[in-house]
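Heads up: the structure comes next, in structure tokens.
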Amino acid sequence: MSGRQVPKVVKRRKIKWLRYIIQAVSFVLLVLLVPIGILAIPAGICAIPIGGFTIDCVYGVIQRIFSSPLYIGLYVLIVFALVPIIGSMLLGRVFCGLMCPIGTILDLTAKIKKRTGFLKKLHLDNKYNKYVVATSFVAASTATGSPTFCLVCPIRGVCTAYGSLKPLELGLTAVPLIFEASDKRAWCRYFCPVGAIMGLLGMKKLLGFKIDTNKCIKCKACMRVCPTGAITEDSLKTGEISRTECIVCGRCYDVCMYDALRFGVLPLQSKNFS
Numbered sequence: 001m002s003g004r005q006v007p008k009v010v011k012r013r014k015i016k017w018l019r020y021i022i023q024a025v026s027f028v029l030l031v032l033l034v035p036i037g038i039l040a041i042p043a044g045i046c047a048i049p050i051g052g053f054t055i056d057c058v059y060g061v062i063q064r065i066f067s068s069p070l071y072i073g074l075y076v077l078i079v080f081a082l083v084p085i086i087g088s089m090l091l092g093r094v095f096c097g098l099m100c101p102i103g104t105i106l107d108l109t110a111k112i113k114k115r116t117g118f119l120k121k122l123h124l125d126n127k128y129n130k131y132v133v134a135t136s137f138v139a140a141s142t143a144t145g146s147p148t149f150c151l152v153c154p155i156r157g158v159c160t161a162y163g164s165l166k167p168l169e170l171g172l173t174a175v176p177l178i179f180e181a182s183d184k185r186a187w188c189r190y191f192c193p194v195g196a197i198m199g200l201l202g203m204k205k206l207l208g209f210k211i212d213t214n215k216c217i218k219c220k221a222c223m224r225v226c227p228t229g230a231i232t233e234d235s236l237k238t239g240e241i242s243r244t245e246c247i248v249c250g251r252c253y254d255v256c257m258y259d260a261l262r263f264g265v266l267p268l269q270s271k272n273f274s
């Protein structure tokens with residue numbers, strides 16, 4: 001018999017339980033404990049002080065930089081965004097896959113079998129849309145002198161609404177849910193400016209999932225479960241998963257029966273950073 005030998009089916013422990021635990025803990029901290037003051041963080045998820053630093057939203061920081069004088073913008077960049085910037089450079093959009101409360105809410109709707117696909121019909125199913133959204137709100141922040149997206153951010157809405165139950169802020173979460181009726185993680189894939197910035201910071205991320213092309217049989221199981229379309233036909237050939245789209249959720253790892261998905265150090269030189 002000639003030709004390539006089919007790899008053996010490998011049974012290994014799934015990592016979905018780790019994702020569930022991280023998502024649950026993050027949701028409790030950011031949505032339930034912080035807004036009602038148990039952790040005494042006045043700004044909520046948008047600015048969490050730890051020691052002498054503050055973990056701030058990367059996109060919120062960028063808006064503040066462009067809406068402030070230069071010296072203030074540089075100070076904000078160094079003091080407030082250092083931790084999330086380093087995190088994104090190491091792991092890309094890991095916040096989107098494991099810690100974002102909106103992402104967790106959307107994952108709860110993952111069993112929706114019949115989706116409308118209305119975004120495709122409206123020609124809005126383009127992964128580059130989120131960069132247009134991000135650029136537009138930065139421009140608006142520059143013009144108005146204040147971070148405009150923060151006023152309508154669904155993440156901020158769900159993380160500050162629990163304690164006071166403000167209808168407007170709770171209503172912001174409806175937007176991602178409406179998009180979810182079209183495609184899984186549609187908000188994250190096509191519109192979220194926070195994910196867009198984290199993806200750009202992670203274009204050369206050091207850690208992530210990769211495909212062993214010697215073991216991959218191209219069954220496309222990983223492509224089908226990837227919620228953001230980070231795994232494509234080219235990924236199966238090159239072994240490279242899109243660094244700007246991957247949210248490090250581990251679904252591809254769990255579904256692979258041939259041990260072809262691995263998590264580890266990624267090559268610095270890549271053929272595809274898209």
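Residue numbers (full-length UniProt numbering): 1 to 274.
Quick reminder that beta carbons are idealized off the backbone N, C-alpha and C, glycines included.
Remember, it's a predicted structure, so these values are computed and weren't measured experimentally.
Can you name the residues that DSSP bridges to residue i?
| i | result |
| --- | --- |
| Glu-94 | The amino acid occupying residue 94 in the given sequence is Val; Glu does not appear at that position. Answer is none; Val-94 lacks a bridge partner. |
| Gly-208 | Gly-264 |
Does the separation of the CB atoms of residue i and residue j fall below 8 Å?
| i | j | result |
| --- | --- | --- |
| Val-94 | Gly-103 | no |
| Cys-226 | Lys-130 | no |
| Ala-221 | Arg-115 | no |
| Gly-250 | Lys-210 | no |
| Thr-228 | Arg-189 | yes |
| Met-198 | Val-58 | yes |
| Trp-17 | Leu-106 | no |
| Cys-216 | Ile-231 | no |
| Lys-205 | Leu-90 | yes |
| Pro-101 | Val-175 | no |
| Ala-110 | Lys-218 | no |
| Pro-147 | Thr-173 | no |
| Asp-212 | Ala-134 | no |
| Cys-256 | Gly-92 | no |
| Gln-63 | Cys-150 | yes |
| Asp-234 | Ile-15 | no |
If you count every other CB in all the chains shown that lies within 10 Å of the CB of residue i, and 16 or more means buried, which is it?
| i | result |
| --- | --- |
| Pro-42 | Per-residue confidence for Pro-42 stands at a pLDDT of 43, beneath the threshold of 50, marking its modelled position as unreliable; the derived number appears in the next sentence. Pro-42 comes out exposed. |
| Val-248 | buried |
| Gly-60 | buried |
| Leu-39 | Here Leu-39 scores only 48 on pLDDT, less than 50, and its place in the model should not be relied on; the value that follows carries that caveat. Leu-39 comes out exposed. |
| Ala-143 | exposed |
| Leu-119 | buried |
| Met-1 | Low confidence applies here, because Met-1 scores a pLDDT of 41, under 50, leaving its location unreliable; read the following figure in that light. By the 10 Å Cβ count, Met-1 comes out exposed. |
| Ile-65 | buried |
| Ala-139 | exposed |
| Gly-44 | Bear in mind that a pLDDT of 45 at Gly-44, under 50, signals an unreliable position, so the model cannot answer this. |
| Leu-122 | exposed |
| Leu-30 | buried |
| Arg-156 | buried |
| Leu-236 | buried |
| Pro-167 | exposed |
| Val-194 | buried |
In the structure shown, what three-state DSSP assignment does residue i receive?
| i | result |
| --- | --- |
| Ile-197 | helix |
| Val-255 | helix |
| Lys-16 | helix |
| Ala-181 | coil |
| Asp-125 | coil |
| Ser-26 | helix |
| Ser-136 | helix |
| Val-9 | coil |
| Ile-241 | coil |
| Gly-145 | coil |
| Ala-40 | Only weak support exists for where Ala-40 lies, its pLDDT of 44 falling under 50; the value from the coordinates is given anyway. Here Ala-40 sits in coil by DSSP. |
| Pro-227 | coil |
| Leu-168 | helix |
| Thr-116 | coil |
Pick out whichever of the options has its Cα sitting closest to the Cα of residue i.
| i | options | result |
| --- | --- | --- |
| Ala-196 | Leu-32, Lys-237, Asp-234 and Phe-137 | Phe-137 |
| Gly-97 | Phe-179, Lys-8 and Ser-26 | Ser-26 |
| Tyr-20 | Arg-185, Leu-108, Arg-224 and Leu-33 | Leu-108 |
| Leu-207 | Gly-117, Leu-266 and Cys-150 | Leu-266 |
| Gly-202 | Lys-8, Asn-214, Ile-241 and Lys-237 | Ile-241 |
| Leu-200 | Leu-177, Ile-178 and Lys-127 | Lys-127 |
| Lys-8 | Asn-214, Leu-124 and Leu-32 | Asn-214 |
| Ser-141 | Ser-67, Met-99 and Val-28 | Ser-67 |
| Met-99 | Arg-224, Val-28 and Arg-262 | Val-28 |
Is any non-hydrogen atom of the ligand ZN found closer than 7 Å to the C-beta of residue i, if you look at the structure I gave you?
| i | result |
| --- | --- |
| Phe-66 | Among the components of this structure there are no ligands whatsoever, and the ligand ZN is therefore not found. |
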